[in-house]
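S.K.: Take this structure, written in structure tokens, and hold onto it; I'll ask about it next.
Numbering (my numbering), first residue to last: 17 to 169.
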């Protein structure tokens with residue numbers, strides 16, 4: 017990872033490492049160790065979903081809130097900003113008015129806002145899908161989506 021980060025930085029690219037999944041309690045220590053490895057390798061940020069990570073001894077790396085964090089309200093965006101996240105990726109279901117409301121409620125000097133303008137044609141709220149689990153027992157919220165919303169019914 018360190019070699020890849022150095023290579024990317026030579027070309028003025030930033031490296032954001034994703035850990036945008038819900039973690040089980042028995043995975044938290046591994047996630048903490050991984051965060052330190054990512055930081056020591058020189059990555060620029062860690063993209064997270066699970067707010068339990070904020071309770072851990074994390075390195076001083078920028079934290080970004082994943083779209084899986086389901087940020088649909090100004091209140092949630094402010095909470096994440098106040099928790100120290102430097103970038104938030106809004107839920108993909110928001111319209112332009114809702115995006116503007118989130119921007120108005122947050123400080124652009126403290127938190128960058130990112131949003132999708134096109135993506136998966138999923139019917140579930142970001143980070144709140146239980147369709148896959150109902151069909152297969154797998155968890156879309158842990159990266160194992162079977163894309164049931166795209167099947168013909």
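From the three backbone atoms N, C-alpha and C, an ideal C-beta is built for every residue, glycine too.
Count the CB pairs spanning the stretch 54-70 and the stretch 78-88 that are closer than 8 Å, and state whether there are at least three.
M.R.: yes
S.K.: Any idea if residue 82 is buried or exposed, counting beta-carbon neighbours within 10 angstroms, 16 or more meaning buried?
M.R.: By the neighbour-count definition (other C-beta atoms within 10 Å, threshold 16), residue 82 is a buried residue.
S.K.: Inspect the CB distances between the stretch 97-110 and the stretch 48-59 and report whether three or more fall short of 8 Å.
M.R.: no
S.K.: Would you list the residues sitting across from residue 80 in a DSSP beta bridge?
M.R.: DSSP, once it has assigned bridges, lists 63, 103 as partnering residue 80.
S.K.: At the level of alpha carbons, what is the spacing between residue 114 and residue 140?
M.R.: 18 Å
S.K.: Give the DSSP bridge partners of residue 33, in chain order.
M.R.: 62
S.K.: Quick one, are the C-beta atoms of residue 142 and residue 107 less than 7 Å apart?
M.R.: yes
S.K.: Could you check how far apart the C-beta atoms of residue 129 and residue 119 are, in whole angstroms? I think they sit under 8 Å.
M.R.: 6 Å
S.K.: Using the Cβ count rule (16 or more neighbours within 10 Å means buried), how would you classify residue 79?
M.R.: The residue is buried, with at least 16 neighbouring Cβ atoms inside 10 Å.
S.K.: Measuring straight from C-alpha to C-alpha, what distance separates residue 48 and residue 159?
M.R.: 19 Å
S.K.: In three-state DSSP terms, what is residue 56?
M.R.: Assignment of residue 56 by DSSP, reduced to helix, strand and coil, places it in the helix class.
S.K.: Using the three-state DSSP reduction, which class does residue 130 fall into: helix, strand or coil?
M.R.: In this structure, residue 130 counts as strand in the three-state DSSP scheme.
S.K.: Going by DSSP, what residue range makes up the alpha helix (DSSP H) through residue 113?
M.R.: 112-121
S.K.: Which value, in whole angstroms, describes the spacing of the CA atoms of residue 145 and residue 69?
M.R.: 21 Å
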